[in-house]
Amino acid sequence: MAVAAFIGIMALIISALSGSQAILLDGLFNAIYAVVGLFTLRVGRLALSPDDETYPFGYGYFESMVNACKGLLMLGVSALALFNAVTALLTGGNAIAAGISIVYAGVATASCVATAFALKRISRHVSSPLLEADIENWRVNALISAAVLLAFCLIPVAQALGWHAIVPYVDSWLVIAVVLLCLGVPIRVARRAILELLNRSPQPAIAEPVRAALTSALAPLPTEAIYIRMVRPGRLLYVTVHVVLEQGHPLSIAEADRWRATLDAGVRRISTPVLVETLFTGDRRWAAPSAGFDPVETEAIGREGGAERDGSQ
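Position in the sequence shown (from 1) plus 6 gives the number in my numbering.
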């Protein structure tokens with residue numbers, strides 16, 4: 007957050023002195039990082055807290071919310087920068103002071119690379135989607151600053167070669183190139199976070215090993231069906247397992263608790279932190295997918311829907 011604030015303030019000052027829209031874009035990106043960093047610190051601490059009466063399912067969704075806001079803010083700034091760059095191209099370009107711009111781009115590139123490297127080292131000991139998103143953002147930030155540095159270094163070369171006509175357009179084309187090349191990052195960050203907020207099942211790379219481990223662990227039990235539901239708000243993997251036992255199979259509370267401990271340990275070998283909730287029943291209707299209505303009504307609706315589909319066919 008401190009590095010983002012430093013680069014953001016420096017960029018806003020230098021953009022006013024040099025007239026560069028590319029530096030202004032860089033400054034706005036870093037200003038967003040710094041402001042969102044305040045929320046990231048708070049949410050990072052909340053995510054470690056257990057659930058309570060106010061938030062009965064914990065604070066994991068706050069991490070997804072922060073990442074969604076960060077991605078959407080970056081998209082908004084990118085769209086604004088792209089609009090301004092195209093407008094500048096259509097109105098004769100934008101003359102900038104190359105010397106001070108090169109100095110800024112050099113300092114910004116070094117700062118971004120150092121920050122990305124430091125966060126990557128921290129990620130070896132800390133598992134957090136907030137940190138992963140920040141590492142990705144700082145990598146993009148470093149690439150943007152490096153591209154800005156390269157383009158600004160080309161301005162003196164173009165002037166020395168007598169290509170004065172292209173110099174006013176370098177800054178605008180640079181902004182367009184940076185936005186288009188890096189547009190995938192905010193889209194990916196926002197999309198992933200929004201899907202988490204919508205309770206979509208996690209990616210197959212996470213979900214499939216968990217399903218396989220649970221199914222394998224429950225193999226000794228005489229089951230009619232196993233329903234496994236997963237969501238991953240932030241860093242927490244929340245797994246609900248409904249086990250439909252064969253009719254008449256005896257299962258004491260103590261045995262059920264031992265099975266719960268076995269399943270919890272099996273999932274923790276794959277992913278952590280994790281919350282595994284296991285429920286045993288002898289009636290499939292208490293485990294099958296439902297829209298939240300009364301189970302008898304749900305079955306009736308299902309039969310009516312099936313009859314309508316058969317009639318239409």
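For glycine and all other residues, C-beta sits at the position ideal for the given N, C-alpha and C.
What is the DSSP secondary structure of A171, counted as helix, strand or coil? coil
What are the uninterrupted segments assigned as beta strand (DSSP E) that are 3 or more residues long and contained completely in the stretch 89-169, given in chain order? none
So if DSSP puts L224 in a beta bridge, which residue, or which two residues, is it bridged to? Answer by DSSP bridge pairing: none, since L224 is not bridged.
Leaving out five residues on either side along the sequence, give the residues of the same chain with a beta carbon under 8 angstroms from the beta carbon of I193. G77 and L81
Select from V72, Q209 and G105 the residue whose C-alpha is nearest the C-alpha of I20. G105
Roughly how many whole angstroms lie between the Cα atoms of G64 and S24? 48 angstroms
To the nearest angstrom, report how far apart A37 and M71 are at their CA atoms. 19 angstroms
Using the three-state DSSP reduction, which class does R235 fall into: helix, strand or coil? strand
Short check: CB of L269 to CB of T284, under 8 angstroms? yes
Around the Cβ of E69, are there at least 16 other Cβ atoms within 10 angstroms (buried) or fewer (exposed)? buried
Helix, strand or coil at L23 [DSSP, three-state]: helix
Whose CA, out of A124, A157, G240 and L95, lies closest to the CA of A74? G240
In this structure, does DSSP put L251 in helix, strand or coil? strand
According to DSSP, simplified to helix, strand and coil, what is E59? coil
Could you give the distance in angstroms between the alpha-carbon of S129 and the alpha-carbon of D140? 10 angstroms
If you follow the alpha helix (DSSP H) that T278 is part of, which residue opens it and which one closes it? No alpha helix (DSSP H) contains T278, which DSSP labels as neither H nor E.
In its own chain, which residues sit with a C-beta less than 7 angstroms from the C-beta of F158, not counting the 5 before and 5 after it? A104, S107, I108 and A111
R266 to L251 span [Cα, whole Å]: 15 angstroms
Between I2 and L47, what straight-line distance do the alpha-carbon atoms span, to the nearest angstrom? For residue 2 there is no data in the structure shown, the boundaries of the chain being 7 and 319.
Can you tell me where the alpha helix (DSSP H) with R198 in it begins and where it stops? G190 to L203
Would A10 pass as a contact of L30 if the rule is Cβ separation under 8 angstroms? no
Sub-8 angstroms separation of P208 and L243 beta-carbons: yes
Neighbour-count burial assignment, D57, 16 or more Cβ in a 10 Å radius: exposed
Straight-line CA distance for A148 to L155? 10 angstroms
Closest to G145 by C-alpha separation, out of L52, Q253, S134 and A120, would be which residue? Checking the sequence shown, residue 145 turns out to be Arg, not Gly. Checking every option, the nearest Cα to that of R145 belongs to A120.
With a threshold of 16 other CB atoms inside 10 Å of the CB of A163, please say whether the residue is buried or exposed. According to the sequence provided, residue 163 is Val. The question's Ala does not apply to it. Counting Cβ neighbours within 10 Å, V163 comes out exposed, since fewer than 16 surround it.
Give the DSSP-derived three-state secondary structure of Y65 in the structure shown. coil
With distances taken between CB atoms, is the gap from L224 to I212 smaller than 8 angstroms? no
Between the CA atoms of E214 and N205 - distance to the nearest angstrom: 17 angstroms
Measure how close the beta-carbons of I150 and V184 come, nearest whole angstrom, since I'm counting them as under 8 angstroms. 5 angstroms
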